[in-house]
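For reference, the structure is listed below as structure tokens.
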Amino acid sequence: MLNFALRRFLLAALVALTVSIVAFFLVRVSGDLATSLAGQEASAEDIEEIRKAYGLDRPIIVQYADWLGAAVQGDFGESLFFPDTVWELVSSRLPTTLRLAMSGLIISLLVGIPFGVIAALRPNSWIDRLAMTIAVAGQAIPTFWMGLMLMVLFSLMLGWTPISGDESWRHFILPAVTLGYYSTPPIMRLTRSGMLEVLSADYIRTAYAKGLRPMPVLFKHALRNAVIPVVALASVQFGHMLSGAIVIESVFAMQGIGYLAWESILRNDIAVIQTILLIVCMFYVFLTVLSDLVNAWLDPRIRVS
Amino acid sequence: MADAIVAGSALDPARALGPSPTSRFFRRARGHTSIMFGGGVLLVIVLTALFAPLLAPHDPYAQDLFKRLLPPFWMDGSVPEHVLGTDNLGRDYLSRIIYGARVSLLIGVCTAVISGVIGTALGVTAGYFGGRVDIVITFIITTRLSMPIVLVALAIVALVGGSLHAVVLVLGLLLWDRYAVVMRSATQQARSMDYVSAARAIGCPTWRIVLSEIMPNVINNLIIIATFEVAHAILLEASLSFLGLGVQPPAPSWGLMIAEGKEFLLFDPWVIAIPGVALSILVLAVNMLGDGVRDISAPENRS
Amino acid sequence: MSALLDVQDLTVDIPVSDGELHPVRGISFSIERGETLCLVGESGCGKSLTSLAIMGLLPKRAQRTARVLRIGDLDISSASSREMAHIRGNSMAMIFQEPMTSLNPAYTIGNQLEEALIRHRRVSRAKAQERAVYLLEKVGITGAAGRLRQYPHQLSGGLRQRVMIAMALMCGPELIIADEPTTALDVTIQAQILLLLADLQREFHMGMLLITHDLGVVARVADRVAVMYAGQIVEQGTAAEVFERPLHPYTRGLMACIPIPGKTVRGGRLGSIPGLVPSLIGDMHGCAFRDRCAHATSACASYEAMRDQGDGRAYRCVMTPEETMAASMREQAA
């Protein structure tokens, strides 16, 4: 297990480094930074001046090394638009996004797992068909549109929830539901197929042969095994939610890093964009490792070997 | 002589096995609800997009500021001239929806083709050669999976400037991961088949083995992923356009129409409801088609 | 004293797309305490479904009917699912064919062993653990206390089957049903496991229903034998009698398939039964074996009664004992 974890971390570190390079270069090579920083009315001299001032005339490798070196020490530069440093800005916005993603994940697990289990217990029954229909239909609805329609229904027409913002937990209800519903179908499908597979396993028959009642068999013997891949998926889904937060936060005007990223992209606030890109990528890398480790920890065949 | 022909045809392996795989596929497809529904709806949308100039009652770009935000047919105050009403610039909504199908389909298909080529090339290479090549390509896939698509796409589109071409290119360069993962394992499986080993043993060149022995066996997987990626790309384009960084106005993209309608949410929610429903129906149709094709080409369903 | 397990006219029907499958067609047998009955037959003859029917573990689609189906004082055919759960793993226990997949990979051996005892006897975990260690030692596992903390994947197939046996014995069952317990194991281990089962059965004075297709196994452990073909019992009797004087042509066919030391010529051909097992879908009449039988006559198409020879000896063939012995002589001459 220790060996396994060590190898995973090493790989993750390598991936993280590569991702940081890609993130840096993607932003740099997609356009001339100096030109977009200077604005549309800038003269050629202005652009050259900005290029020098920001060190953009140096070789790109040097620029990257500089940026990474500073970033490792927590210095992500300054925002072009806000008076704060990028780190202050991002770290003050991160909790909102994490809270949103976490709520979304909990909703999708609370809906996806029970429905997946019920669907597996009664395959091809009306409830199975209903769950799968909702899953298929749900995956076709764009998240931002779903968010807007929920807003129209629950905030504008019924007045149950605040329209936008992030001041109280009630502000999180609609965004979390919107974010959660998109991750529910994959969790539900995986739970269902996992349960179907496990329920036909020989050890389930053994459990019945011991005289166990259906509920203990279901919860102790079946769900425990079926849920292993679901936990791994949930970890990956959490990463998707961080990135999905960009869209949701801008729909509901929540001051998280997603909204910050969107604003910064519109304003060409390169340092902020690069930092958020890097942080979200690091979360992805970390969550992938976490998913592998949790998977290994839940499965004795990997844990004890 | 006639006898000889009959005898010959009886020995023909294709005849002996009954109908060809393709015709068996279509026979099964006809009995499959989700293929018939998904395929049917998709066909209607594709035809609508193709014949948009003939079908659209108005010019989708023609503004008429005296006719702003006319409601659709089911609401009071609608006019028969504009069945789905008009947007805030007085443009006919039905015509914009019809032309919007072009944008979605074009982006969906082009993206799926570009990413399909990249992903298949990577996946087949990794699966066929294995060893160090596989390690490197797997690492590339892992790296790609560690990057949030929406954020990366937004950042790049913002820098190169939003346009239909930019969106296609950026999404095409980002959405190849699923192709690569599936094609890699499909190729690994196909590669271990006896006939592939036999082809290698008789000294067949690699490119010929890949094209004539491996590809026919993994093409099913390719088609299935391609349908799902079309749907994925359509949704992503809508998101990017909604955020103002995809297709630029005045082009009639459904995602953009939702963004433009956002400020009229309070009194005219139908402005965002209509393009959203159109998007959902299109994506649902593509997904159902993909699900159906996967169902009937899955080995366990073959009898 | 009445028999421990009494089965009369047990049938299992399974609806399938093109009709109804009749894998078990009116089976009757009984097992006394301390007795081993071997149910023998080819794969697909309904042996396993018979055992699952007794345990009440048939797949949901399968329908079970029986004139009598009783263990001890409990009428299984009318028992509620709660009553069945109460006796399963308690007064009757089962050992399955696949030790590799019959243990839950997520729990330790100890946890899975203790489970049945805690469920049925409400004992403490410590007490259950004590019993588990005792039984693991009984089934010949060394370092039993340490094994409790191990997971199934850390054990070999032979060890896992020993664990399965210990698991079946946890509540001290009166009847043990073993469905081909050695088929999935290495040949060298098969004999050990089988002898272990036979020893334990004697030691704890249990009734045992041993299901197998291996006549060599039967010869070593069976008190009585029931030969099954196409969902029916075609011959029944004490092991000695059935081996000495097989009355059904199918039984003789089975025996010709196994080599007998001293009798079978080295390098000579072993027997085989030509033809295929008939389809078990739809209505069936007459002797199911007639299409593969060398002695079949037109009478076989309608004959299906069991010829009772007394003392539990019976067979299902149109030929009288004298005729069938004559047929046997002709077979050996050929």
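Chains as they are written, first to last, in our numbering: chain A, 61 to 365; chain B, 332 to 634; chain C, 26 to 359.
Glycine included, every Cβ here is placed at the ideal spot set by N, Cα and C.
inquiry  = Let me see if you follow: with CB-CB separation under 8 Å, is F204(A) close to chain B or not?
reply    = Taking Cβ atoms only, chain B reaches closer than 8 Å to F204(A), which makes this a yes.
request  = Drop a sphere of 10 angstroms on the beta-carbon of N63(A), count the other beta-carbons inside from all chains shown, and report buried for 16 or more, exposed for fewer.
outcome  = Answer is exposed; the Cβ neighbour count stays below 16.
query = From N632(B) to V624(B), what distance separates their C-alpha atoms?
reply = With a pLDDT of 42 at N632(B), under the threshold of 50, the modelled position of this residue cannot be trusted, and the question is left open.
query = Of the residues R475(B), A529(B), F397(B) and D407(B), which one's Cα is nearest the Cα of G503(B)?
reply = Closest option to G503(B), Cα to Cα, is R475(B).
query = Can the beta-carbon of V49(C) be found less than 8 Å from the beta-carbon of V41(C)?
reply = At a Cβ-Cβ threshold of 8 Å, V49(C) and V41(C) do not count as neighbours.
query = Could you check where the alpha helix (DSSP H) with V287(A) kicks off and where it finishes?
reply = From DSSP, the alpha helix (DSSP H) with V287(A) extends over R284 to F312.
ask   = So which of D465(B), G607(B), G575(B) and A569(B) has the shortest CA-CA distance to G439(B)?
value = Measuring from the Cα of G439(B), the nearest candidate turns out to be A569(B).
ask   = What first and last residue would you give for the beta strand (DSSP E) that runs through M117(C)?
value = Secondary structure note for M117(C): its beta strand (DSSP E) is the uninterrupted segment M117 to I120.
query = So is Y114(A) in contact with chain C if we call contact Cβ pairs under 8 Å?
reply = False, the Cβ-Cβ gap to chain C never drops below 8 Å.
message = Quick check for students: name the residue ranges of the beta strand (DSSP E) that lie wholly in the stretch 246-311 of chain C, counting only runs of 3 or more.
response = Annotation note: the stretch 246-311 of chain C contains the following uninterrupted beta strand (DSSP E) runs of length 3 or greater, listed N- to C-terminal: 249-254 and 257-263.
A530(B), enclosing beta strand (DSSP E) - first and last residue = Per DSSP, A530(B) belongs to no beta strand (DSSP E); it is in the alpha helix (DSSP H), D525 to A532.
inquiry  = Using a 10 Å radius around the Cβ and a threshold of 16 neighbouring Cβ atoms, would you call Y159(C) buried or exposed?
reply    = Counting Cβ neighbours within 10 Å, Y159(C) comes out exposed, since fewer than 16 surround it.
query = From which residue to which residue does the beta strand (DSSP E) around T90(C) run?
reply = Where T90(C) is concerned, the enclosing beta strand (DSSP E) starts and stops at Q88 to T90.
request  = Give a yes or no on whether 8 Å exceeds the smallest Cβ distance from W127(A) to chain B.
outcome  = Not one beta carbon of chain B lies nearer than 8 Å to the beta carbon of W127(A).
request  = Taking 8 Å as the cut-off, decide whether the C-beta atoms of D262(A) and S127(C) are in contact.
outcome  = Yes, the Cβ-Cβ distance between D262(A) and S127(C) is below 8 Å.
key: 8 Å Cβ cutoff, D323(B) in contact with chain A   = The structure shown has nothing for residue 323(B), since chain B only spans 332 to 634.
key: Terminal residues of the alpha helix (DSSP H) in which E45(C) lies   = From DSSP, E45(C) is part of no alpha helix (DSSP H) but of the beta strand (DSSP E) over G44 to I56.
request  = Look at the alpha carbon of V252(C) and the alpha carbon of A87(C), and state the distance between them as a whole number of angstroms.
outcome  = It is roughly 23 Å from the alpha-carbon of V252(C) to the alpha-carbon of A87(C).
ask   = Below 8 Å between beta carbons: does that hold for L83(C) and L74(C)?
value = Contact: yes.
request  = Quick one: using the 10 Å Cβ neighbour count with 16 as the cut-off for buried, is V242(C) buried or exposed?
outcome  = Counting the other Cβ atoms within 10 Å of the Cβ of V242(C) gives 16 or more, which makes it buried.
Positions along the stretch 164-188 of chain C whose CB lies within less than 7 Å of some CB in chain A = Those would be Y176, H178 and Q179, in chain order.
ask   = R341(C) by DSSP, collapsed to three states: which one?
value = When secondary structure is reduced to three states using DSSP, R341(C) falls in the coil class, being assigned neither helix nor strand.
ask   = To which residues of the same chain is S584(B) closer than 8 Å at the C-beta, ignoring the five residues directly before and after it?
value = Correct list, in chain order: G431, V434, S435, E568, A569, S572, G577 and V578.
task = Evaluate contact between the stretch 113-131 of chain A and the stretch 284-296 of chain A, counting only Cβ atoms and requiring at least three cross-stretch pairs below 8 Å.
result = Contact fails: fewer than three Cβ-Cβ distances are below 8 Å.
query = In terms of alpha-carbon separation, which member of H496(B), A486(B), A452(B) and H413(B) lies closest to I471(B)?
reply = Measuring from the Cα of I471(B), the nearest candidate turns out to be A452(B).
query = So is G134(A) in contact with chain C if we call contact Cβ pairs under 8 Å?
reply = It does not: the Cβ of G134(A) has no partner Cβ on chain C nearer than 8 Å.
request  = Could you tell me whether the Cβ atoms of L364(C) and S55(C) are closer together than 8 Å?
outcome  = A question about residue 364(C) goes unanswered here, because the residues of chain C that appear run from 26 up to 359.
ask   = Would you report the Cα separation of F598(B) and A356(A), rounded to the nearest angstrom?
value = In this structure, the straight-line span from the alpha carbon of F598(B) to that of A356(A) is close to 53 Å.
task = Check whether the stretch 321-333 of chain A touches the stretch 506-515 of chain B, taking contact to mean three or more Cβ pairs, one atom from each stretch, closer than 8 Å.
result = Contact fails: fewer than three Cβ-Cβ distances are below 8 Å.
ask   = When DSSP labels each residue in this structure, what does A341(B) get in the three-state scheme?
value = Here A341(B) scores only 38 on pLDDT, less than 50, and its place in the model is too uncertain to base an answer on.
request  = Show which residues of chain B have a CB atom less than 9 Å away from the CB atom of M209(A).
outcome  = Residues of chain B passing the Cβ test: P600, I603, A604 and G607.
inquiry  = Do R277(C) and E356(C) count as a contact pair if the criterion is CB distance below 8 Å?
reply    = In this structure, R277(C) lies closer than 8 Å to E356(C) by Cβ.
key: From D508(B), A590(B), V549(B) and L500(B), residue whose alpha carbon lies closest to that of Q519(B)   = Residue V549(B) is the option with its Cα nearest to Q519(B).
request  = Measure from the C-beta of V291(A) to each C-beta in chain B and report whether the shortest distance is under 8 Å.
outcome  = It does not: the Cβ of V291(A) has no partner Cβ on chain B nearer than 8 Å.
message = Quick check on DSSP: helix, strand or coil for E138(A)?
response = Judged by DSSP in its simplified three-state form, E138(A) adopts strand.
ask   = Is P206(C) near S116(C), with beta carbons less than 8 Å apart?
value = By the CB criterion at 8 Å, P206(C) and S116(C) fall outside the cutoff.
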